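Residue numbers (my numbering): 197 to 362.
Pasting the structure below:
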């Protein structure tokens, strides 16, 4: 039984045939991600610098790894140290298409879960004294955080793949 866990034997032919094209797609995706990282790192593509610290919370997995609760914890910890913190999120799955949505001003939740997305709405509940902003462009969200809330730290929820913001 233990041997089967380590060496399940050869994959069935039908499975190899179905999965073969995905290997090519995965290689194309990896190449595109590498190119994006490289172009931003070398500043050949525009990188926006904010006049404050940027803390990015992320990981290699797509979901269920605890990034959102960790983002709230980081923001609360920075706030407890006296920083003026704002959380910025992409707001996946939201119905609102406004450029920037203020989910919470740090005192009151100002938008719905449908408007902001589930995770930003959860962040507003997990870190009630920290403003939460949603935008497709995290650079725009960061600028709003600085201008509207005088932030000296912006915490990005699931921001490891966002190379345009430094």
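C-beta: ideal position from N, C-alpha, C; glycine also. These numbers come from a predicted model, not from an experiment.
Item                                                                                                                                             : Value
Below 8 Å on the Cβ atoms is my guess for residue 291 versus residue 320; work out the distance and round it to an integer in Å.                 : Rounded, the Cβ-Cβ distance is 17 Å, inconsistent with contact.
Return helix, strand or coil for residue 352, following the three-state DSSP convention.                                                         : strand
In angstroms with no decimal places, state the Cα-to-Cα distance between residue 322 and residue 233.                                            : 31 Å
How should residue 310 be labelled, buried or exposed, when 16 other C-beta atoms within 10 angstroms of its C-beta is the threshold for buried? : exposed
Report the rounded CA-to-CA distance for residue 250 versus residue 352, giving the unit in angstroms.                                           : 7 Å
Can you tell me whether residue 307 is buried or exposed, with buried defined as 16 or more other CB within 10 angstroms of its CB?              : buried
Given that a residue counts as buried once 16 or more other Cβ atoms are within 10 Å of its Cβ, and exposed if not, what is residue 329?         : buried
On the three-state DSSP scale, how would you describe residue 332?                                                                               : coil
Excluding the 5 residues flanking residue 342 on each side, which residues of the same chain have their C-beta closer than 7 Å to its C-beta?    : 246, 247, 248
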